[in-house]
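In what follows, a single structure is set out as C-alpha coordinates and then discussed.
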(Lines of atoms letter the chains of each structure in order from A and count residues from 1; the text may use other names and numbers.)
(Lines give C-alpha, C1' and ligand atoms only; values in the text may rest on other atoms or scores of the structure.)
Protein backbone atom coordinates (compact mmCIF):
# COMPACT_ATOMS: atom_id res chain seq x y z
CA UNK A 1 0.00 0.00 0.00
CA UNK A 2 1.05 3.61 -0.52
CA UNK A 3 2.97 5.30 2.24
CA UNK A 4 3.58 1.96 3.93
CA UNK A 5 5.84 1.84 6.90
CA UNK A 6 9.58 1.90 6.33
CA UNK A 7 10.81 -1.41 7.67
CA UNK A 8 13.72 -2.27 9.88
CA UNK A 9 15.95 -5.33 9.82
CA UNK A 10 18.86 -6.90 11.72
CA UNK A 11 20.49 -10.31 11.83
CA UNK A 12 19.01 -13.01 14.06
CA UNK A 13 18.50 -16.78 14.09
CA UNK A 14 17.56 -19.10 11.26
CA UNK A 15 14.65 -21.43 10.57
CA UNK A 16 12.48 -23.52 10.73
CA UNK A 17 12.08 -22.82 14.46
CA UNK A 18 11.71 -19.32 15.81
CA UNK A 19 14.76 -18.64 17.95
CA UNK A 20 14.36 -17.92 21.62
CA UNK A 21 14.58 -14.25 22.49
CA UNK A 22 14.89 -13.60 26.25
CA UNK A 23 14.08 -9.93 25.83
CA UNK A 24 10.82 -10.67 24.04
CA UNK A 25 10.04 -13.73 26.08
CA UNK A 26 8.94 -16.38 23.61
CA UNK A 27 10.18 -19.93 23.17
CA UNK A 28 10.95 -21.97 20.05
CA UNK A 29 7.88 -23.51 18.48
CA UNK A 30 7.37 -26.14 15.80
CA UNK A 31 6.88 -24.96 12.23
CA UNK A 32 7.61 -26.89 9.04
CA UNK A 33 7.13 -24.71 5.96
CA UNK A 34 7.42 -27.59 3.49
CA UNK A 35 4.66 -29.51 5.24
CA UNK A 36 2.43 -26.45 5.47
CA UNK A 37 2.93 -25.55 1.81
CA UNK A 38 2.18 -29.12 0.73
CA UNK A 39 -1.03 -29.16 2.74
CA UNK A 40 -2.03 -25.74 1.39
CA UNK A 41 -2.06 -27.16 -2.13
CA UNK A 42 -4.72 -29.69 -1.06
CA UNK A 43 -7.07 -27.27 0.69
CA UNK A 44 -10.32 -26.17 -0.94
CA UNK A 45 -10.78 -22.71 0.55
CA UNK A 46 -14.31 -22.46 -0.89
CA UNK A 47 -15.47 -25.72 0.67
CA UNK A 48 -12.94 -26.67 3.32
CA UNK A 49 -13.09 -30.04 5.00
CA UNK A 50 -14.40 -29.30 8.53
CA UNK A 51 -12.21 -31.98 10.08
CA UNK A 52 -9.12 -30.67 8.31
CA UNK A 53 -9.97 -27.10 9.33
CA UNK A 54 -10.39 -28.03 13.00
CA UNK A 55 -6.98 -29.74 12.90
CA UNK A 56 -5.38 -26.60 11.44
CA UNK A 57 -6.75 -24.37 14.18
CA UNK A 58 -5.80 -26.90 16.87
CA UNK A 59 -2.24 -26.84 15.54
CA UNK A 60 -2.24 -23.03 15.78
CA UNK A 61 -3.28 -23.14 19.41
CA UNK A 62 -0.62 -25.75 20.12
CA UNK A 63 2.07 -23.53 18.55
CA UNK A 64 1.04 -20.60 20.71
CA UNK A 65 1.22 -22.68 23.88
CA UNK A 66 4.57 -24.07 22.78
CA UNK A 67 5.87 -20.51 22.31
CA UNK A 68 4.66 -19.33 25.73
CA UNK A 69 7.47 -19.34 28.31
CA UNK A 70 4.94 -19.93 31.09
CA UNK A 71 1.75 -18.52 32.53
CA UNK A 72 -1.60 -18.43 30.75
CA UNK A 73 -3.20 -16.53 27.88
CA UNK A 74 -6.73 -15.21 27.51
CA UNK A 75 -7.71 -13.85 24.10
CA UNK A 76 -11.04 -12.05 24.18
CA UNK A 77 -13.20 -11.56 21.14
CA UNK A 78 -13.43 -7.81 20.64
CA UNK A 79 -15.50 -5.32 18.76
CA UNK A 80 -13.96 -2.21 17.33
CA UNK A 81 -14.04 0.43 20.03
CA UNK A 82 -11.81 3.17 18.62
CA UNK A 83 -12.43 4.72 15.24
CA UNK A 84 -10.11 6.59 12.90
CA UNK A 85 -7.01 4.47 13.34
CA UNK A 86 -5.10 3.93 10.11
CA UNK A 87 -4.26 0.30 10.73
CA UNK A 88 -7.92 -0.61 11.06
CA UNK A 89 -8.17 -1.38 7.36
CA UNK A 90 -11.25 -3.52 8.10
CA UNK A 91 -13.57 -3.35 11.12
CA UNK A 92 -12.59 -6.82 12.37
CA UNK A 93 -8.84 -6.15 12.46
CA UNK A 94 -8.61 -6.12 16.24
CA UNK A 95 -10.55 -9.40 16.44
CA UNK A 96 -8.20 -11.26 14.12
CA UNK A 97 -6.19 -12.78 16.97
CA UNK A 98 -9.33 -14.47 18.30
CA UNK A 99 -10.38 -15.59 14.82
CA UNK A 100 -6.86 -16.86 14.11
CA UNK A 101 -7.01 -19.20 17.10
CA UNK A 102 -10.64 -20.34 16.91
CA UNK A 103 -11.88 -19.84 13.36
CA UNK A 104 -14.86 -17.95 14.79
CA UNK A 105 -15.99 -14.58 13.48
CA UNK A 106 -19.11 -12.40 13.17
CA UNK A 107 -21.97 -13.44 15.47
CA UNK A 108 -20.17 -16.66 16.46
CA UNK A 109 -17.43 -14.69 18.17
CA UNK A 110 -19.50 -12.19 20.15
CA UNK A 111 -18.87 -12.16 23.91
CA UNK A 112 -16.31 -14.95 23.77
CA UNK A 113 -12.83 -15.66 25.06
CA UNK A 114 -10.20 -18.35 24.61
CA UNK A 115 -8.06 -19.55 27.54
CA UNK A 116 -4.76 -21.28 26.76
CA UNK A 117 -2.86 -22.88 29.64
CA UNK A 118 0.28 -24.84 28.71
CA UNK A 119 1.20 -27.86 30.78
CA UNK A 120 3.20 -26.85 33.87
CA UNK A 121 4.82 -30.13 34.82
CA UNK A 122 7.42 -28.62 37.15
CA UNK A 123 5.01 -26.47 39.17
CA UNK A 124 4.69 -27.14 42.90
CA UNK A 125 1.65 -28.92 44.26
CA UNK A 126 -0.57 -31.78 43.22
CA UNK A 127 -3.73 -31.86 41.13
CA UNK A 128 -6.43 -34.52 41.23
CA UNK A 129 -5.88 -35.40 37.54
CA UNK A 130 -2.88 -35.60 35.19
CA UNK A 131 -1.09 -32.34 34.39
CA UNK A 132 -1.92 -31.32 30.81
CA UNK A 133 -2.51 -28.46 28.41
CA UNK A 134 -5.83 -26.69 28.80
CA UNK A 135 -7.76 -25.16 25.91
CA UNK A 136 -11.05 -23.65 27.06
CA UNK A 137 -13.43 -21.59 24.96
CA UNK A 138 -16.00 -19.37 26.63
CA UNK A 139 -18.95 -18.47 24.41
CA UNK A 140 -22.24 -16.59 24.45
CA UNK A 141 -23.63 -19.06 21.89
CA UNK A 142 -24.69 -22.66 22.51
CA UNK A 143 -21.60 -24.40 23.93
CA UNK A 144 -22.35 -27.73 22.27
CA UNK A 145 -22.79 -26.12 18.85
CA UNK A 146 -19.57 -24.11 19.20
CA UNK A 147 -17.71 -27.22 20.36
CA UNK A 148 -18.84 -29.06 17.22
CA UNK A 149 -17.92 -26.08 15.05
CA UNK A 150 -14.41 -25.54 16.46
CA UNK A 151 -13.41 -28.99 17.64
CA UNK A 152 -12.58 -27.54 21.06
CA UNK A 153 -13.82 -30.05 23.60
CA UNK A 154 -14.08 -27.75 26.62
CA UNK A 155 -16.57 -24.99 25.76
CA UNK A 156 -18.27 -23.09 28.57
CA UNK A 157 -20.72 -20.20 28.90
CA UNK A 158 -18.96 -16.86 28.76
CA UNK A 159 -20.43 -15.90 32.15
CA UNK A 160 -18.34 -18.61 33.82
CA UNK A 161 -15.02 -17.04 32.82
CA UNK A 162 -15.12 -14.48 35.62
CA UNK A 163 -15.70 -17.24 38.17
CA UNK A 164 -12.92 -19.49 36.82
CA UNK A 165 -10.45 -16.62 36.75
CA UNK A 166 -11.42 -15.31 40.17
CA UNK A 167 -11.03 -18.72 41.82
CA UNK A 168 -7.70 -19.31 40.10
CA UNK A 169 -6.24 -16.09 41.50
CA UNK A 170 -6.16 -17.66 44.98
CA UNK A 171 -2.60 -18.78 45.81
CA UNK A 172 -2.38 -22.55 45.21
CA UNK A 173 -0.81 -23.04 48.64
CA UNK A 174 -4.21 -22.11 50.11
CA UNK A 175 -6.23 -24.60 48.09
CA UNK A 176 -7.99 -27.37 50.01
CA UNK A 177 -8.12 -30.83 48.42
CA UNK A 178 -11.88 -30.46 48.11
CA UNK A 179 -11.43 -27.27 46.08
CA UNK A 180 -8.75 -28.81 43.87
CA UNK A 181 -11.15 -31.60 42.97
CA UNK A 182 -14.15 -29.27 42.52
CA UNK A 183 -12.50 -26.75 40.17
CA UNK A 184 -9.80 -28.58 38.19
CA UNK A 185 -9.24 -25.82 35.60
CA UNK A 186 -8.92 -23.05 38.16
CA UNK A 187 -6.68 -25.29 40.27
CA UNK A 188 -4.43 -26.05 37.29
CA UNK A 189 -4.17 -22.32 36.49
CA UNK A 190 -3.40 -21.38 40.08
CA UNK A 191 -0.79 -24.12 40.34
CA UNK A 192 0.85 -23.10 37.06
CA UNK A 193 1.07 -19.51 38.29
CA UNK A 194 2.80 -20.43 41.51
CA UNK A 195 3.40 -17.98 44.33
CA UNK A 196 5.01 -15.07 42.47
CA UNK A 197 5.56 -13.62 39.00
CA UNK A 198 2.20 -14.90 37.76
CA UNK A 199 2.15 -14.13 34.05
CA UNK A 200 -1.15 -13.63 32.25
CA UNK A 201 -1.11 -12.75 28.55
CA UNK A 202 -4.08 -10.64 27.43
CA UNK A 203 -4.98 -9.21 24.05
CA UNK A 204 -4.49 -5.50 24.53
CA UNK A 205 -5.64 -3.27 21.65
CA UNK A 206 -3.39 -3.76 18.64
CA UNK A 207 -3.99 -0.25 17.34
CA UNK A 208 -4.97 2.49 19.74
CA UNK A 209 -5.52 6.20 20.06
CA UNK A 210 -4.89 7.61 23.53
CA UNK A 211 -7.34 10.47 23.10
CA UNK A 212 -10.35 8.28 22.37
CA UNK A 213 -12.60 6.19 24.66
CA UNK A 214 -10.88 3.08 25.98
CA UNK A 215 -11.98 -0.43 25.01
CA UNK A 216 -14.03 -1.85 27.87
CA UNK A 217 -11.80 -4.87 28.43
CA UNK A 218 -8.97 -2.62 29.66
CA UNK A 219 -10.99 -1.93 32.81
CA UNK A 220 -11.27 -5.67 33.42
CA UNK A 221 -7.54 -6.07 32.93
CA UNK A 222 -6.90 -3.40 35.56
CA UNK A 223 -9.29 -5.08 38.00
CA UNK A 224 -7.22 -8.25 37.73
CA UNK A 225 -4.11 -6.29 38.58
CA UNK A 226 -5.75 -4.59 41.57
CA UNK A 227 -7.13 -7.81 43.05
CA UNK A 228 -3.88 -9.71 42.60
CA UNK A 229 -0.90 -7.35 42.30
CA UNK A 230 1.53 -10.24 41.85
CA UNK A 231 -0.07 -11.11 38.50
CA UNK A 232 2.07 -9.68 35.73
CA UNK A 233 -0.07 -8.77 32.73
CA UNK A 234 1.64 -9.12 29.36
CA UNK A 235 0.46 -8.34 25.86
CA UNK A 236 -0.45 -11.56 24.02
CA UNK A 237 0.98 -10.00 20.85
CA UNK A 238 4.45 -10.86 22.20
CA UNK A 239 3.62 -14.49 21.43
CA UNK A 240 1.01 -14.23 18.69
CA UNK A 241 3.14 -12.02 16.45
CA UNK A 242 5.83 -14.69 16.31
CA UNK A 243 3.34 -17.39 15.37
CA UNK A 244 1.18 -15.39 12.96
CA UNK A 245 4.09 -14.14 10.87
CA UNK A 246 4.87 -17.70 9.71
CA UNK A 247 1.96 -18.60 7.44
CA UNK A 248 0.44 -22.04 7.85
CA UNK A 249 -1.46 -24.10 5.28
CA UNK A 250 -4.79 -22.28 5.71
CA UNK A 251 -3.05 -18.89 5.49
CA UNK A 252 -1.07 -19.81 2.36
CA UNK A 253 -4.10 -21.25 0.57
CA UNK A 254 -6.22 -18.19 1.27
CA UNK A 255 -3.48 -15.71 0.36
CA UNK A 256 -3.09 -17.46 -2.99
CA UNK A 257 -6.84 -17.28 -3.53
CA UNK A 258 -7.10 -13.61 -2.57
CA UNK A 259 -4.29 -12.74 -5.02
CA UNK A 260 -6.02 -14.74 -7.77
CA UNK A 261 -9.21 -12.74 -7.17
CA UNK A 262 -7.24 -9.48 -7.37
CA UNK A 263 -5.92 -10.70 -10.71
CA UNK A 264 -9.49 -10.98 -11.99
CA UNK A 265 -10.52 -7.65 -10.51
CA UNK A 266 -7.60 -5.70 -11.94
CA UNK A 267 -7.98 -7.31 -15.36
CA UNK A 268 -11.69 -6.48 -15.55
CA UNK A 269 -11.18 -3.00 -14.10
CA UNK A 270 -8.36 -2.01 -16.42
CA UNK A 271 -10.02 -3.66 -19.43
CA UNK A 272 -13.13 -1.57 -18.86
CA UNK A 273 -11.22 1.70 -18.46
CA UNK A 274 -11.75 4.25 -21.22
CA UNK A 275 -11.30 8.01 -21.61
CA UNK A 276 -14.40 9.59 -20.16
CA UNK A 277 -14.74 7.14 -17.27
CA UNK A 278 -14.14 8.28 -13.71
CA UNK A 279 -11.80 6.86 -11.10
CA UNK A 280 -14.81 5.82 -9.03
CA UNK A 281 -16.34 3.85 -11.90
CA UNK A 282 -13.16 1.84 -12.39
CA UNK A 283 -12.95 1.22 -8.64
CA UNK A 284 -16.53 -0.09 -8.60
CA UNK A 285 -15.73 -2.59 -11.37
CA UNK A 286 -12.76 -3.95 -9.42
CA UNK A 287 -14.70 -4.16 -6.15
CA UNK A 288 -17.66 -5.86 -7.83
CA UNK A 289 -15.43 -8.67 -9.10
CA UNK A 290 -14.12 -9.23 -5.57
CA UNK A 291 -17.59 -9.52 -4.11
CA UNK A 292 -18.78 -11.67 -7.00
CA UNK A 293 -16.00 -14.11 -6.17
CA UNK A 294 -16.99 -14.22 -2.50
CA UNK A 295 -14.25 -11.92 -1.26
CA UNK A 296 -14.38 -8.67 0.66
CA UNK A 297 -12.02 -5.70 0.65
CA UNK A 298 -8.77 -6.10 2.54
CA UNK A 299 -8.70 -2.29 2.50
CA UNK A 300 -10.53 0.36 0.43
CA UNK A 301 -9.55 0.16 -3.24
CA UNK A 302 -7.79 3.20 -4.65
CA UNK A 303 -7.96 4.13 -8.33
CA UNK A 304 -6.22 7.30 -9.50
CA UNK A 305 -5.71 9.13 -12.75
CA UNK A 306 -2.17 10.20 -13.60
CA UNK A 307 -2.02 12.82 -16.31
CA UNK A 308 0.47 13.01 -19.15
CA UNK A 309 2.40 15.92 -17.65
CA UNK A 310 1.68 16.02 -13.93
CA UNK A 311 0.51 13.46 -11.39
CA UNK A 312 -2.93 13.83 -9.85
CA UNK A 313 -2.49 14.04 -6.10
CA UNK A 314 -5.96 15.06 -4.97
CA UNK A 315 -6.76 15.85 -1.37
CA UNK A 316 -4.38 14.48 1.22
CA UNK A 317 -6.02 11.67 3.19
CA UNK A 318 -5.71 12.28 6.95
CA UNK A 319 -4.33 9.34 8.89
CA UNK A 320 -7.12 7.18 10.20
CA UNK A 321 -9.79 8.22 7.71
CA UNK A 322 -9.00 5.57 5.09
CA UNK A 323 -12.40 3.87 5.37
CA UNK A 324 -14.38 7.10 5.60
CA UNK A 325 -12.94 8.95 2.60
CA UNK A 326 -13.16 7.34 -0.83
CA UNK A 327 -9.76 6.46 -2.28
CA UNK A 328 -11.13 6.95 -5.79
CA UNK A 329 -12.82 10.16 -6.87
CA UNK A 330 -14.55 11.89 -9.71
CA UNK A 331 -11.49 12.61 -11.86
CA UNK A 332 -12.30 11.82 -15.50
CA UNK A 333 -9.72 9.86 -17.48
CA UNK A 334 -8.38 11.54 -20.59
CA UNK A 335 -6.55 10.13 -23.60
CA UNK A 336 -2.88 9.61 -22.78
CA UNK A 337 -3.47 9.18 -19.03
CA UNK A 338 -2.19 6.40 -16.83
CA UNK A 339 -4.54 4.53 -14.51
CA UNK A 340 -3.11 3.34 -11.19
CA UNK A 341 -4.69 1.13 -8.54
CA UNK A 342 -3.77 0.05 -5.02
CA UNK A 343 -6.09 -2.80 -4.17
CA UNK A 344 -6.51 -6.04 -2.25
CA UNK A 345 -9.24 -8.64 -2.02
CA UNK A 346 -9.64 -10.45 1.30
CA UNK A 347 -10.71 -14.09 1.31
CA UNK A 348 -11.50 -15.80 4.62
CA UNK A 349 -9.81 -12.83 6.34
CA UNK A 350 -6.57 -13.04 4.31
CA UNK A 351 -5.75 -9.94 2.31
CA UNK A 352 -3.71 -9.42 -0.83
CA UNK A 353 -2.05 -6.06 -1.53
CA UNK A 354 -1.27 -5.14 -5.14
CA UNK A 355 -0.51 -2.01 -7.15
CA UNK A 356 -0.55 -1.76 -10.93
CA UNK A 357 -0.17 1.06 -13.48
CA UNK A 358 -1.41 0.99 -17.10
CA UNK A 359 -2.00 3.36 -20.07
CA UNK A 360 -5.64 4.36 -20.37
CA UNK A 361 -5.79 3.91 -24.14
CA UNK A 362 -3.52 0.91 -24.63
CA UNK A 363 -0.20 2.54 -25.43
CA UNK A 364 2.48 4.07 -23.23
CA UNK A 365 3.94 7.39 -24.30
CA UNK A 366 7.70 7.49 -24.66
CA UNK A 367 8.14 9.12 -21.25
CA UNK A 368 5.66 6.77 -19.56
CA UNK A 369 7.44 3.75 -21.02
CA UNK A 370 10.82 5.07 -19.86
CA UNK A 371 9.65 5.43 -16.25
CA UNK A 372 7.71 2.16 -16.35
CA UNK A 373 10.80 0.24 -17.44
CA UNK A 374 12.83 1.78 -14.60
CA UNK A 375 10.21 0.84 -12.03
CA UNK A 376 9.79 -2.65 -13.47
CA UNK A 377 13.53 -3.29 -13.39
CA UNK A 378 13.68 -2.25 -9.74
CA UNK A 379 10.67 -4.38 -8.81
CA UNK A 380 12.03 -7.51 -10.48
CA UNK A 381 15.47 -7.03 -8.95
CA UNK A 382 14.18 -6.48 -5.42
CA UNK A 383 11.76 -9.42 -5.56
CA UNK A 384 14.62 -11.57 -6.87
CA UNK A 385 16.49 -10.83 -3.65
CA UNK A 386 13.75 -12.30 -1.42
CA UNK A 387 15.03 -15.45 0.25
CA UNK A 388 15.62 -16.79 3.76
CA UNK A 389 18.23 -14.69 5.53
CA UNK A 390 17.63 -11.51 3.51
CA UNK A 391 16.43 -8.42 5.37
CA UNK A 392 13.99 -5.60 4.76
CA UNK A 393 16.75 -3.01 4.73
CA UNK A 394 18.72 -4.91 2.09
CA UNK A 395 15.71 -4.77 -0.21
CA UNK A 396 15.02 -1.13 0.58
CA UNK A 397 18.62 -0.04 0.05
CA UNK A 398 18.78 -1.85 -3.29
CA UNK A 399 15.64 -0.08 -4.51
CA UNK A 400 17.04 3.29 -3.40
CA UNK A 401 20.35 2.58 -5.14
CA UNK A 402 18.70 1.62 -8.43
CA UNK A 403 16.30 4.57 -8.38
CA UNK A 404 19.21 6.91 -7.70
CA UNK A 405 21.32 5.46 -10.47
CA UNK A 406 18.42 5.65 -12.91
CA UNK A 407 18.20 9.43 -12.61
CA UNK A 408 17.88 10.51 -8.99
CA UNK A 409 14.36 9.11 -8.58
CA UNK A 410 15.19 7.96 -5.05
CA UNK A 411 14.54 11.58 -4.02
CA UNK A 412 10.83 11.09 -4.73
CA UNK A 413 10.51 7.57 -3.35
CA UNK A 414 8.47 8.05 -0.20
CA UNK A 415 7.58 4.38 0.24
CA UNK A 416 9.31 1.88 2.43
CA UNK A 417 10.06 -1.23 0.39
CA UNK A 418 7.21 -3.23 1.88
CA UNK A 419 5.48 -4.91 4.78
CA UNK A 420 4.10 -8.23 5.98
CA UNK A 421 0.69 -9.39 4.77
CA UNK A 422 -1.70 -11.97 6.17
CA UNK A 423 -4.95 -11.55 8.05
CA UNK A 424 -4.45 -7.80 7.80
CA UNK A 425 -3.02 -6.00 4.82
CA UNK A 426 -0.37 -4.66 7.21
CA UNK A 427 -0.10 -7.87 9.17
CA UNK A 428 1.80 -8.90 12.26
CA UNK A 429 5.51 -9.45 11.82
CA UNK A 430 8.95 -8.75 13.24
CA UNK A 431 10.86 -6.29 11.05
CA UNK A 432 14.02 -6.82 13.10
CA UNK A 433 14.69 -10.37 11.93
CA UNK A 434 15.82 -11.79 8.57
CA UNK A 435 13.25 -13.45 6.34
CA UNK A 436 12.22 -17.02 7.13
CA UNK A 437 10.28 -19.54 5.05
CA UNK A 438 6.58 -18.90 5.55
CA UNK A 439 6.71 -15.11 5.81
CA UNK A 440 4.38 -13.34 3.37
CA UNK A 441 5.52 -9.95 2.08
CA UNK A 442 4.22 -7.08 -0.02
CA UNK A 443 7.01 -5.44 -2.02
CA UNK A 444 6.23 -1.91 -3.25
CA UNK A 445 8.11 0.85 -5.00
CA UNK A 446 7.70 3.33 -7.80
CA UNK A 447 9.07 6.15 -9.93
CA UNK A 448 7.28 9.37 -9.07
CA UNK A 449 9.03 12.52 -10.34
CA UNK A 450 7.19 15.74 -9.41
CA UNK A 451 6.69 16.68 -13.06
CA UNK A 452 5.03 13.31 -13.69
CA UNK A 453 3.94 10.84 -14.76
CA UNK A 454 3.74 8.48 -11.80
CA UNK A 455 4.41 4.71 -12.00
CA UNK A 456 4.14 2.37 -9.02
CA UNK A 457 3.96 -1.38 -8.40
CA UNK A 458 3.26 -3.65 -5.46
CA UNK A 459 3.49 -7.43 -5.45
CA UNK A 460 2.84 -10.20 -2.95
CA UNK A 461 5.61 -12.71 -2.25
CA UNK A 462 5.89 -15.80 -0.06
CA UNK A 463 9.32 -16.67 1.33
CA UNK A 464 10.12 -20.33 0.60
CA UNK A 465 12.90 -22.67 1.72
CA UNK A 466 15.19 -21.80 -1.18
CA UNK A 467 13.89 -18.43 -2.35
CA UNK A 468 10.39 -17.13 -2.89
CA UNK A 469 7.04 -17.66 -4.60
CA UNK A 470 5.88 -14.56 -6.49
CA UNK A 471 2.17 -14.88 -5.69
CA UNK A 472 0.98 -11.96 -7.81
CA UNK A 473 3.11 -12.65 -10.89
CA UNK A 474 0.02 -13.54 -12.96
CA UNK A 475 -1.36 -9.98 -12.67
CA UNK A 476 -0.25 -8.19 -15.87
CA UNK A 477 3.07 -6.42 -15.34
CA UNK A 478 5.15 -6.67 -18.52
CA UNK A 479 4.66 -3.73 -20.87
CA UNK A 480 3.20 -5.75 -23.74
CA UNK A 481 0.74 -7.51 -21.42
CA UNK A 482 -0.38 -4.26 -19.80
CA UNK A 483 -0.85 -2.53 -23.15
CA UNK A 484 -2.83 -5.49 -24.48
CA UNK A 485 -5.04 -5.42 -21.41
CA UNK A 486 -6.14 -1.80 -21.78
CA UNK A 487 -6.36 -1.81 -25.58
CA UNK A 488 -8.72 -4.77 -25.85
CA UNK A 489 -12.52 -4.71 -25.67
CA UNK A 490 -14.06 -3.84 -22.31
CA UNK A 491 -17.14 -5.14 -20.54
CA UNK A 492 -18.87 -1.75 -20.71
CA UNK A 493 -18.15 -0.77 -24.31
CA UNK A 494 -21.86 -1.12 -25.13
CA UNK A 495 -22.72 1.76 -22.78
CA UNK A 496 -22.89 5.28 -24.18
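In the numbering used here, the protein residues as written are 10 to 505. Backbone N, C-alpha and C fix where the C-beta goes; we use that ideal spot for every residue, glycine too.
Query, Result
"Taking contact to mean at least 3 C-beta pairs separated by less than 8 Å, is the region 199-212 in contact with the region 76-88?", "yes"
"For residue 320, does the three-state DSSP call read helix, strand or coil?", "Low confidence applies here, because residue 320 scores a pLDDT of 46, under 50, leaving its location unreliable and the question unanswered by this model."
"What residue range does the beta strand (DSSP E) around residue 465 cover?", "464-472"
"From the DSSP output, in three-state form, read off residue 499 for me.", "coil"
"Between the region 164-178 and the region 229-242, do at least 3 Cβ pairs fall closer than 8 Å?", "yes"
"Identify every run of the alpha helix (DSSP H) within the region 144-229, keeping only runs that are complete inside it and at least 4 residues long; order them along the chain.", "152-159, 169-177, 186-191 and 193-202"
"Do residue 509 and residue 371 have their CB atoms nearer than 8 Å?", "A question about residue 509 goes unanswered here, because the residues of the chain that appear run from 10 up to 505."
"Between residue 260 and residue 62, what straight-line distance do the alpha-carbon atoms span, to the nearest angstrom?", "11 Å"
"Going by C-alpha distance, which of 266, 180 and 220 is nearest residue 240?", "180"
"Could you round the C-beta distance between residue 112 and residue 159 to whole angstroms and report it? I think they count as a contact, below 8 Å.", "6 Å"
"Pull up the DSSP beta-bridge partners for residue 479, would you.", "470"
"Pair every Cβ in the region 371-388 with every Cβ in the region 426-436, then say whether three or more of these pairs are closer than 8 Å.", "no"
"Quick check on the DSSP output: the alpha helix (DSSP H) that includes residue 411 runs from which residue to which?", "401-414"
"Distance check for residue 197 and residue 470, CA to CA, integer angstroms please.", "43 Å"
"The beta strand (DSSP E) with residue 427 in it runs from where to where?", "427-429"
"Taking the alpha-carbon positions, what's the residue 143 to residue 481 distance?", "40 Å"
"Is there contact between the region 458-466 and the region 249-264, where contact requires at least three CB pairs shorter than 8 Å?", "no"
"What distance in whole Å lies between the Cβ atoms of residue 308 and residue 360, which are believed to be in contact at a cut-off of 8 Å?", "7 Å"
"Am I right that residue 165 and residue 110 are in contact with their C-beta atoms under 8 Å? What's the rounded C-beta distance?", "Actually they are not in contact, since the Cβ atoms of residue 165 and residue 110 sit about 16 Å apart, beyond 8 Å."
"Say whether the region 439-459 touches the region 372-384, bearing in mind that this needs 3 or more beta-carbon pairs closer than 8 Å, one atom from each stretch.", "yes"
"Who pairs with residue 313 in a beta bridge, going by DSSP?", "349"
"Tell me whether residue 69 sits in a helix, a strand or coil according to DSSP, three-state version.", "helix"
"Counting pairs of beta carbons, one from the region 393-412 and one from the region 280-293, are three or more of them closer than 8 Å?", "no"
"Assuming contact is defined by CB atoms lying nearer than 8 Å, are residue 103 and residue 284 in contact in what I supplied?", "no"
"May I have the straight-line CA-CA distance separating residue 472 from residue 54, to the nearest angstrom?", "21 Å"
"Inspect the beta-carbon positions of residue 272 and residue 357 and report whether they are closer than 8 Å.", "no"
"Among all the DSSP beta bridges, which residues are the ones paired with residue 305?", "355"
"Using a Cβ-Cβ cut-off of 7 Å (strictly less than) and excluding sequence neighbours within five positions of residue 130, which residues of its own chain qualify?", "140"
"Could you say which of 150, 184, 185 and 499 lies nearest to residue 369 if we only look at CA atoms?", "499"
"Is the separation between the beta-carbon of residue 391 and that of residue 488 shorter than 8 Å?", "no"
"Taking 7 Å as the line, does the beta carbon of residue 40 fall inside it for any heavy atom of the ligand NAP?", "Ligands in the displayed structure: none, and consequently the ligand NAP is not present."
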